[in-house]
Amino acid sequence: MERTVIADTVNKISQTVLLKGWVNTRRDHGKIVFLDLRDRSGLVQVVATPEIAGKIGPEWVITVAGVVKNRPEKLVNPKIPTGTVEIEAKGIDVLAQSETPPFPLETEGHDIDEETRLKYRYLDLRRPRLQRNLRLRNEVIQKMRRYLLERGFWEVETPILTKATPEGARDFLVPSRLQPGNFYALPQSPQQYKQLLMVAGVEKYFQIARCFRDEDPRADRAYGEFTQLDIEMSFVAQEEIRNLVEELYIEIVTEIFPGKKISQIPFPALTYAEAMKKYGTDKPDLRKDKNDPNELAFGWIVDFPLFEWKEQENRWDAMHHPFTAPKAEDIDFLYYGDPKDFGKLRADQYDFVLNGFEIGGGSIRIADPKLQARIFEILGHSPANIEKKFGHLLSAFRYGVPPHGGIAPGIDRFLMVILNEPTLREVIAFPTSASGRTAVMEAPSNVDEEQLKELKIKIPQK
Ligand code: ASP
Numbered sequence: 009m010e011r012t013v014i015a016d017t018v019n020k021i022s023q024t025v026l027l028k029g030w031v032n033t034r035r036d037h038g039k040i041v042f043l044d045l046r047d048r049s050g051l052v053q054v055v056a057t058p059e060i061a062g063k064i065g066p067e068w069v070i071t072v073a074g075v076v077k078n079r080p081e082k083l084v085n086p087k088i089p090t091g092t093v094e095i096e097a098k099g100i101d102v103l104a105q106s107e108t109p110p111f112p113l114e115t116e117g118h119d120i121d122e123e124t125r126l127k128y129r130y131l132d133l134r135r136p137r138l139q140r141n142l143r144l145r146n147e148v149i150q151k152m153r154r155y156l157l158e159r160g161f162w163e164v165e166t167p168i169l170t171k172a173t174p175e176g177a178r179d180f181l182v183p184s185r186l187q188p189g190n191f192y193a194l195p196q197s198p199q200q201y202k203q204l205l206m207v208a209g210v211e212k213y214f215q216i217a218r219c220f221r222d223e224d225p226r227a228d229r230a231y232g233e234f235t236q237l238d239i240e241m242s243f244v245a246q247e248e249i250r251n252l253v254e255e256l257y258i259e260i261v262t263e264i265f266p267g268k269k270i271s272q273i274p275f276p277a278l279t280y281a282e283a284m285k286k287y288g289t290d291k292p293d294l295r296k297d298k299n300d301p302n303e304l305a306f307g308w309i310v311d312f313p314l315f316e317w318k319e320q321e322n323r324w325d326a327m328h329h330p331f332t333a334p335k336a337e338d339i340d341f342l343y344y345g346d347p348k349d350f351g352k353l354r355a356d357q358y359d360f361v362l363n364g365f366e367i368g369g370g371s372i373r374i375a376d377p378k379l380q381a382r383i384f385e386i387l388g389h390s391p392a393n394i395e396k397k398f399g400h401l402l403s404a405f406r407y408g409v410p411p412h413g414g415i416a417p418g419i420d421r422f423l424m425v426i427l428n429e430p431t432l433r434e435v436i437a438f439p440t441s442a443s444g445r446t447a448v449m450e451a452p453s454n455v456d457e458e459q460l461k462e463l464k465i466k467i468p469q470k
């Protein structure tokens, strides 16, 4: 017999069905046993005799052959979609037994120690809240793909084993066996590759991209890796990129989160100076009612300073990243102005904010190799260093580079906000814990002496 998924049982009154799933709970009532059976689509009550139910317990994997019955009026359970029916079991097969799980799975789970939840993440993910989060994350990502593909974008993958791209964080390094002593860096973002794709004539690029940054974790910043919708376009102005993203997010909210209300459309745009003056932050919470869990206040912060002063290093640093274009009217000042006043210069940069969180950022890029080299120089790179670290980009720009720009909205942070979750880890299948260990696998871990030898790496004895 073909399998019926649990959500469909309500359409099969009086029919014999074959269900497959996990036992959510077992309740013994003398002559009858109630088993709540769970699959990805939902939960249904199974009624069995003690003989048929045997020793079956929570989280066992079983198949149930049975008849779908309407429940008497007063036994209807309004809390579940299949609450009007129950399954009268005729036979049960056990596919796998289960030990008693280390923590309850039918609760929200917020109160359970997080390290334990992550150690047994494959069980933790069975709870309905996390199933919902995974399903909605998937729907958001599929929507992003469809939306961009319909508009002529190409999805292009870029390398994970690569060279450092500065986004202002520490790099993760990977040693090379073929070239001992040399290291790959995991990309802090695909920034340089997406710009090279513009030189290559791709014109409209996107990628659901994984980015790696060795930064200290916070609730709204994942340790190690995160996912962003990386976008780059040629022959565009800032407004076109912002409109593209704005329309995408309006569609995501209306189609996938219809219970949510967007405070203001079009999304308001504030200059960095206005935001700082009025709210004291560059990611203001623009909600009208901050107690409303369903209000979404999207907004844009524009005209960022090009540079910020790094007191400790006694030098200018890029506010976004070094590939961000200055405002056209500010370019001359970079060559002829007093470096003391570089803090006044503005960038063609825009941040995307939601309810007090930065959920993305982007910029129009520098497409002039001379100007790009000048920026690197202001940031304190020697000519030799510029050649070594960025020579590839400067040389690509000598072969006909189109004007281009892009943006990268973060997927984890958006989901955290829209799902009202307290941390990013609640919207990621296998996140890294706050102490930097990966879920279930508990990396980083020791490696064999042999592997280190091949890489010609010596760990100093403590
Ligand atoms: N690469 C930037 C980031 O990851 C986004 C962009 O400028 O497109 O923050």
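So for the sequence shown, the working numbering puts the first residue at 9; every next one is plus one.
In this text, a Cβ means the ideal position worked out from N, Cα and C, and glycines have one as well.
In this text, all values refer to a predicted model and were calculated from it rather than measured experimentally.
Item, Value
"Coarse secondary structure for residue 334, derived from DSSP in three states", "strand"
"Supposed contact pair residue 95 and residue 51 - C-beta distance, whole angstroms, cut 8 Å", "Not a contact, Cβ separation roughly 11 Å."
"Coarse secondary structure for residue 327, derived from DSSP in three states", "coil"
"Proximity below 9 Å, CB of residue 200 to CB of residue 221", "no"
"Contacting residues, own chain, Cβ-Cβ under 7 Å from residue 317 (five flanking each side not counted)", "324 and 351"
"Rounded separation between residue 149 and residue 347 - CA only", "44 Å"
"Contact set for residue 179: own chain, Cβ-Cβ below 6 Å, skip 5 residues either direction", "172 and 193"
"Contact check, residue 73 vs residue 24, beta carbons under 9 Å", "yes"
"Cβ distance (whole Å) where residue 387 is taken to contact residue 305 below 8 Å", "At roughly 34 Å, the Cβ-Cβ gap does not stay under 8 Å, so residue 387 and residue 305 are not in contact."
"Which listed residue (331, 424 and 53) has its alpha carbon closest to that of residue 235", "424"
"Runs of beta strand (DSSP E) wholly within the segment 67 to 130 (minimum 3 residues, chain order)", "69 to 78 and 93 to 104"
"First through last residue of the alpha helix (DSSP H) which encompasses residue 387", "Note, residue 387: premise wrong, no alpha helix (DSSP H); not H, not E."
"Inter-residue Cα distance where the pair is residue 303 and residue 258", "13 Å"
"Proximity test, residue 375 beta-carbon vs the ligand ASP heavy atom, cut-off 8 Å", "no"
"Nearest-angstrom Cβ-Cβ length linking residue 43 and residue 15, presumed shorter than 8 Å", "In fact, because the Cβ distance is near 17 Å, the residues do not count as touching under 8 Å."
"Alpha-carbon to alpha-carbon, residue 161 and residue 215", "10 Å"
"Close Cβ partners of residue 219 (< 7 Å) along its chain, the five nearest in sequence each way excluded", "195, 196, 197, 233, 234 and 236"
"C-alpha gap between residue 281 and residue 141, whole angstroms", "36 Å"
"Sub-9 Å separation of residue 413 and residue 270 beta-carbons", "no"
"CB contact flag (residue 432, residue 177, <9 Å)", "no"
"Separation of residue 256 from residue 272, as counted between CA atoms", "15 Å"
"Per-residue DSSP class, three states only, for residue 472", "The displayed coordinates of the chain run from 9 to 470. Any statement about residue 472 would go beyond what the structure contains."
"Alpha carbon of residue 473 to alpha carbon of residue 292, nearest angstrom", "Because the chain spans 9 through 470 in this model, residue 473 falls outside it and cannot be assessed."
"Residues bridged to residue 358 (per DSSP)", "310 and 370"
"Residue 326 Cβ short of 8 Å to the ligand ASP heavy atom set", "no"
"Residue 371 Cβ short of 8 Å to the ligand ASP heavy atom set", "yes"
"Cβ-heavy atom distance, residue 238 to the ligand ASP, below 8 Å", "yes"
"Inter-residue spacing [alpha-carbon to alpha-carbon] between residue 189 and residue 183", "7 Å"
"Where residue 410 falls, given that 16 or more other Cβ within 10 Å makes a residue buried", "exposed"
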